[in-house]
Amino acid sequence: MRLGRRAKGPERAAKAAKRVFVHVGAPKTGTTYLQNVLYANRDALAEQGVLYPYTDPGQSFRSMLDFRQATWAGSKKGQFAGEWETVAQRTREWTGDTVIISSELLGGSSPERIAVGVASLQPAEVHVIFSARDFARQLVSDWQEHIKHKHTVTLEKFLDDLVELGLDAPEPFGELFWGMHDAAHVLPLWETVVPPENIHVITVPPPGAPADTLWRRFCSVTGLAPDRYESPSTPANRSMGVAETELVRRMNAEVRGMSVEIYDTLVRRLLAEDILGGQSAKLMLPPDRMEWACERSRQLIENLQKAGYAVAGDLEELMPRPADHAGYVSPTMQTEADLGDAAIRAATGLLRHAGRQRRRILELQREIKGLDPMPPAKPPGRYQRTRRATGKLLRRLHLR
Numbered sequence: 000m001r002l003g004r005r006a007k008g009p010e011r012a013a014k015a016a017k018r019v020f021v022h023v024g025a026p027k028t029g030t031t032y033l034q035n036v037l038y039a040n041r042d043a044l045a046e047q048g049v050l051y052p053y054t055d056p057g058q059s060f061r062s063m064l065d066f067r068q069a070t071w072a073g074s075k076k077g078q079f080a081g082e083w084e085t086v087a088q089r090t091r092e093w094t095g096d097t098v099i100i101s102s103e104l105l106g107g108s109s110p111e112r113i114a115v116g117v118a119s120l121q122p123a124e125v126h127v128i129f130s131a132r133d134f135a136r137q138l139v140s141d142w143q144e145h146i147k148h149k150h151t152v153t154l155e156k157f158l159d160d161l162v163e164l165g166l167d168a169p170e171p172f173g174e175l176f177w178g179m180h181d182a183a184h185v186l187p188l189w190e191t192v193v194p195p196e197n198i199h200v201i202t203v204p205p206p207g208a209p210a211d212t213l214w215r216r217f218c219s220v221t222g223l224a225p226d227r228y229e230s231p232s233t234p235a236n237r238s239m240g241v242a243e244t245e246l247v248r249r250m251n252a253e254v255r256g257m258s259v260e261i262y263d264t265l266v267r268r269l270l271a272e273d274i275l276g277g278q279s280a281k282l283m284l285p286p287d288r289m290e291w292a293c294e295r296s297r298q299l300i301e302n303l304q305k306a307g308y309a310v311a312g313d314l315e316e317l318m319p320r321p322a323d324h325a326g327y328v329s330p331t332m333q334t335e336a337d338l339g340d341a342a343i344r345a346a347t348g349l350l351r352h353a354g355r356q357r358r359r360i361l362e363l364q365r366e367i368k369g370l371d372p373m374p375p376a377k378p379p380g381r382y383q384r385t386r387r388a389t390g391k392l393l394r395r396l397h398l399r
């Protein structure tokens, strides 16, 4: 797809101003699912006059860091300078009638960065989208996400601090939860430069709703025809169960010295998401926090009603459903025996992965033996590329 041009066949009737929808959050509300659908259909979207302005899936994250002038998990300050302006320039140059920008971490931006970012998209008509889910589900999902990023805090301590200290909870938990998951905190910051009539709230449907409900609600806001585009029926991120999450939490204490790069590859992606994801015995909110969660959710609903934002879905879906959290099992109280099955799956999955890596190393080593060394003066060729690939795999497995 060639960015910066629009194809024929607008999705909707042309209007005087191009509309730019900025999906700013919240994390753990199906944002990855929506982003995957948009990216997979970007050519089809362009044919209908709609731009999804990323050339690779990671550009959404990189441009968000540049937008916020922030760092994340080992990245360096200014490492992604220019990424946001690239996205903004594509947006300004697009001659179609709609642009959709999406990063669930944009919601945590400062007022100053919001003002600069929105100005870079003008003179387009800027809209803000915030997808919201009930606090009971959000809290336990956010805790698991922190565990997948090497933290060791227990669920009980995590909840106690967020409930009692709010935004002042120990770093990074207060800022990353209330600063990005609470629509009543996030949206007023964007309202300083985006009129309230251009701010949209999408409620995440409760468990049991049709798989494409969130996508259809998103399309109702952005003016897309939902059936025109392919959308997967399975979630993008598979959650771990109680035992699996607690296993990773305890494991984190043993791998404190592991680099971010290795941890992200082996633990977060491979172990937590691929090997242990999608298990039963889901995480639930402790019973002693349910009343508070319901009260806090009711306050959120009232605040959103007063703000007058357009809503796709039903604000009452933001109320926790206590029945969904019946039969609560405490992760912290899991015994070693309780974690046994999860540990076996973890060990088996990691061994299989190591076997695949080792097999690939042997294949590359055989290729090297069959190649003649390249003269040093010549540009790197197949021989040197193969040696480098082998060395990279060996270093990742700590076999050198």
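Using numbering that gives the first Met the number 0, you'd call the opening residue of the sequence shown number 0 and step up by one each time. Where a beta carbon is used, it is the ideal one built from N, C-alpha and C, also for glycine. Here the structure is a predicted model, which means the values were calculated and not measured.
Which residue from ARG216, MET289, ARG297 and ALA242 puts its Cα closest to that of HIS22? The shortest Cα separation from HIS22 among ARG216, MET289, ARG297 and ALA242 belongs to ARG216.
Reference ALA306; option with closest CA among ILE113, ALA182 and SER62: Out of ILE113, ALA182 and SER62, ALA182 has the C-alpha closest to the C-alpha of ALA306.
Secondary structure of LEU50, DSSP reduced to three states: LEU50 falls in the strand class under three-state DSSP.
Shortest alpha-carbon distance to ALA336 belongs to which of ARG320, LEU246 and ALA325? Of the candidates ARG320, LEU246 and ALA325, the one whose C-alpha sits nearest the C-alpha of ALA336 is LEU246.
VAL192 (DSSP reduced to helix, strand or coil): Note: VAL192 maps to coil in three-state DSSP.
For GLU124, the residue or residues it bridges with in DSSP: GLU124 is bridged to ARG18.
Our contact map puts VAL241 next to GLN333 with C-beta atoms below 8 Å; I'd like the distance itself, whole angstroms only. Going by Cβ atoms, the distance from VAL241 to GLN333 rounds to 7 Å, so yes, they are a contact pair.
Where DSSP assigns a beta bridge to PHE129, which residues make up the other side? Looking at the DSSP assignment, PHE129 forms a beta bridge with GLY24 and VAL200.
What do you get for THR70, buried or exposed, if any count of 16 or more other CB atoms within 10 angstroms of its CB means buried? Classification for THR70: exposed.
Indicate whether HIS180 and PHE20 have their beta-carbon atoms separated by less than 7 Å. Taking C-beta atoms as the reference points, HIS180 and PHE20 fail to come closer than 7 Å.
6 Å Cβ shell around ASP340 - same chain, five flanking residues per side excluded: Closer than 6 Å at Cβ, skipping near neighbours: no residue.
Provide the residue span of the alpha helix (DSSP H) that contains VAL86, from first to last. Counting along the chain, VAL86 sits inside the alpha helix (DSSP H) bounded by residues 82-92.
Starting from THR353 and walking both ways along the alpha helix (DSSP H), at which residues does that stretch end? The residue you asked about is not Thr; residue 353 is Ala in the sequence shown. Going by DSSP, ALA353 is part of the alpha helix (DSSP H) stretching over 339-368.
Hey, would you say LEU186 sits closer than 7 Å to PHE129, going by beta carbons? The Cβ-Cβ distance between LEU186 and PHE129 falls below 7 Å.
Delimiting residues of the alpha helix (DSSP H) encompassing ILE146: Start and end: 134-146.
Close Cβ partners of ALA16 (< 8 Å) along its chain, the five nearest in sequence each way excluded: Excluding positions up to five away in sequence, the list reads PRO122, ALA123 and GLU124.
What does DSSP give as the partner residue(s) for ILE99 in the beta ladder? DSSP lists PHE20 as partners of ILE99.
Going by the CB atoms, is the gap between ILE99 and THR212 shorter than 7 Å? Result no, Cβ atoms of THR212 and ILE99 do not sit closer than 7 Å.
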